[in-house]
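Please read the structure below before turning to the comments.
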Amino acid sequence: MQLMRIYLKFDFNLICKAVLQEQLDALGMKYTIHGFGEIEFDRRPTDEEEQEMASLLGNYGIEIMDDQQMALVQRIKDSVTEWIMDEENPKLYNFSTYLSEKLDYSYTYLSSVFSEATYSSIENFVILKKIDFAKSLILENDLTLTEIAFKLNYSSVSHLSAQFKKTTGLTPSAFQKIILKRKERALNRK
Amino acid sequence: MPLHTLNIALADDDEDDRTLFKEAMNEIRIKTKLSLFNNGKELMDYLTLPNVILPEIVFLDLNMPIKNGMQCLNEIRNHPRLQELLVAIYSTSSSEADIEETFVNGANIYINKPNSFGALKQAIEKVLQINWQYHTSALNKDNFLLRI
């Protein structure tokens with residue numbers, strides 16, 4: 195009898211994705227696989243479903259992570275959003291006090307957990323989130339830039355403009371112009 | 054942690070530019086996996102493979118043979134599976150008209166190729182930091198514009 199060998203080359207990303215799809219389909223829940231080992235479900239799995247999932251995936255050496263640090267990072271982000279959206283809070287508190295009282299950890303600890311997990315500081319995230327909010331307000335076009343600056347608790351409109359430019363590389367008006375042109379073009383294409 | 058590594062694709066026909074980009078990437082704290090392409094066609098052929106894991110961000114040189122950066126950008130924005138990709142234009146052109154045109158066509162980021170290695174590293178680090186947040190937080194990607 196003649197022996198034969200064949201040689202294989204693997205695409206691990208593809209294999210993992212195929213295994214995940216197969217197992218998650220068996221579970222019967224709607225899901226989306228994000229490229230970096232993250233699965234999003236359209237609802238919270240029940241305890242039974244979570245156990246079943248853990249055992250199905252466990253057969254392939256895939257483990258569901260229960261990472262408390264990531265959970266804390268998420269709570270920090272949620273608190274930042276809340277703090278920015280709430281027009282009363284920013285005037286009463288200083289942000290670090292607000293955050294450490296709300297989450298019951300020292301601000302130093304929260305900062306280090308956050309930078310470790312996200313590669314940037316809480317302060318940077320606050321700015322990013324404020325500018326993200328400013329962008330949507332600019333596009334809604336109901337408020338003047340001065341009103342937006344006041345709403346987001348900037349000391350002046352020039353402070354807002356400067357931070358906008360520093361964060362995005364664009365002035366608020368250049369930003370607005372580009373998005374409007376994009377929308378026009380999308381409409382013309384239809 | 055849900056996000057371990059950022060998958061990044063770069064299409065640039067200049068070999069030296071690709072090498073510098075790769076070296077800069079290696080010196081950054083953020084963990085990345087970089088795929089390099091010699092021109093726009095190679096990149097698009099890869100992105101449209103069935104079942105390919107899409108990168109979190111695509112860097113496009115504007116002037117490339119066979120298929121240039123602007124053509125790639127338009128194809129990406131008109132492709133149902135690719136249209137949500139974050140696209141960074143990485144170019145030597147600093148003409149305001151070019152820059153506005155790429156943004157209007159759907160680019161998220163415009164980087165003027167820096168002329169020193171230090172500046173390149175800084176630019177890439179800033180882009181990746183912000184991208185990390187866009188991929189892990191509730192920030193509006195439709196309004197994501199960044200010029201460096």
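In order, the protein sequence lines correspond to chains C and L.
Okay, so the first sequence: first residue is 195 according to this note's numbering, each after it adds one.
Okay, so the second sequence: first residue is 54 according to this note's numbering, each after it adds one.
From the three backbone atoms N, C-alpha and C, an ideal C-beta is built for every residue, glycine too.
Just so you know, these numbers come straight off a predicted model, no measurement behind them.
Host beta strand (DSSP E) of residue i (start-end)
| i | result |
| --- | --- |
| S88 of chain L | 85-90 |
| Y163 of chain L | 162-165 |
Proximal chain C residues relative to residue i, where beta-carbon distance stays under 7 angstroms
| i | result |
| --- | --- |
| V140 of chain L | Here the premise fails: no neighbours, minimum Cβ distance about 13 angstroms. |
| L198 of chain L | T362, L364, F369, I372 |
| I43 of chain L | No statement about residue 43 of chain L is possible, as the shown extent of chain L runs from 54 to 201 and does not include it. |
For residue i, the three-state DSSP class (helix, strand or coil)
| i | result |
| --- | --- |
| E232 of chain C | strand |
| I129 of chain L | helix |
| S349 of chain C | coil |
| N79 of chain L | helix |
| S146 of chain L | coil |
| V105 of chain L | coil |
| L192 of chain L | coil |
| R134 of chain L | coil |
| R200 of chain L | strand |
| L113 of chain L | strand |
| I227 of chain C | strand |
| L337 of chain C | coil |
Contacts of residue i in chain C (Cβ-Cβ under 8 angstroms)
| i | result |
| --- | --- |
| L192 of chain L | L322, K323, D326 |
| I83 of chain L | Y313 |
| I201 of chain L | G363 |
| T145 of chain L | Correct list: empty, because the minimum Cβ distance to chain C is about 17 angstroms. |
Residues near residue i in its chain [Cβ-Cβ closer than 8 angstroms; skip 5 each side]
| i | result |
| --- | --- |
| I325 of chain C | Q357, F358, T361, T362 |
| Q186 of chain L | L192 |
| F230 of chain C | For F230 of chain C, the predicted model reports a pLDDT of 49, less than 50, meaning its position is unreliable and no value from the coordinates is stated. |
| K296 of chain C | S273 |
| N126 of chain L | Checking the displayed sequence, the identity of residue 126 of chain L turns out to be Leu instead of Asn. So the list reads L113, V140, I142, T155, N158, G159, A160, once near-sequence residues are dropped. |
| L337 of chain C | L331, K345 |
| K86 of chain L | T58, L59, N60, I61 |
| Q215 of chain C | I227 |
Where the alpha helix (DSSP H) containing residue i begins and where it ends
| i | result |
| --- | --- |
| A220 of chain C | 206-221 |
| Y402 of chain C | Limits of chain C in this structure are 195 at one end and 384 at the other, which puts residue 402 of chain C out of reach. |
| I200 of chain C | Careful: I200 of chain C lies outside any alpha helix (DSSP H) and carries neither H nor E. |
| L63 of chain L | Run containing L63 of chain L: none in the alpha helix (DSSP H); it sits in the beta strand (DSSP E), 59-64. |
| Y99 of chain L | 93-100 |
| S249 of chain C | 241-252 |
| L364 of chain C | Counting along the chain, L364 of chain C falls outside any alpha helix (DSSP H), and DSSP gives it neither H nor E. |
| R269 of chain C | 262-279 |
| Y292 of chain C | 289-297 |
Other residues of its chain near residue i: CB distance less than 7 angstroms, five sequence neighbours each side excluded
| i | result |
| --- | --- |
| N92 of chain L | A64, D66, M117, P118, I119, K120 |
| F327 of chain C | I278, L346 |
| A302 of chain C | It is worth fixing the name first, because residue 302 of chain C is Thr in this sequence and not Ala. Nothing listed; no residue qualifies. |
| N168 of chain L | none |
Proximal residues to residue i (C-beta, below 6 angstroms), its chain only, five neighbours per side dropped
| i | result |
| --- | --- |
| T145 of chain L | K166 |
| L139 of chain L | I110, N161 |
| S305 of chain C | I316 |
| R379 of chain C | none |
| K224 of chain C | D236 |
| F90 of chain L | A64, L96 |
| M54 of chain L | Its pLDDT being 39, under 50, M54 of chain L is placed unreliably by the model, and the measurement read from it follows with that caveat. Around M54 of chain L: no qualifying Cβ. |
Proximal chain L residues relative to residue i, where beta-carbon distance stays under 7 angstroms
| i | result |
| --- | --- |
| I316 of chain C | Under the 7 angstroms cutoff, chain L gives no residues; its nearest Cβ is about 11 angstroms from I316 of chain C. |
Chain C contact residues for residue i, given Cβ-Cβ distances below 9 angstroms
| i | result |
| --- | --- |
| E153 of chain L | A368, K371, I372, K375 |
| Q136 of chain L | Those within 9 angstroms of Q136 of chain L in chain C number zero; the least Cβ separation is about 11 angstroms. |
CB-CB length for residue i against residue j, believed under 8 angstroms
| i | j | result |
| --- | --- | --- |
| A220 of chain C | L250 of chain C | 6 angstroms |
| Y369 of chain C | I321 of chain C | The question names Tyr, but residue 369 of chain C is Phe in the sequence shown. Incorrect: roughly 15 angstroms between the Cβ atoms, too far for contact. |
| S88 of chain L | K271 of chain C | That pair is no contact at about 29 angstroms. |
| E153 of chain L | I372 of chain C | 6 angstroms |
| V307 of chain C | Q268 of chain C | In fact, because the Cβ distance is near 11 angstroms, the residues do not count as touching under 8 angstroms. |
Neighbouring residues, chain L, relative to residue i (Cβ below 9 angstroms)
| i | result |
| --- | --- |
| N382 of chain C | Correct list: empty, because the minimum Cβ distance to chain L is about 12 angstroms. |
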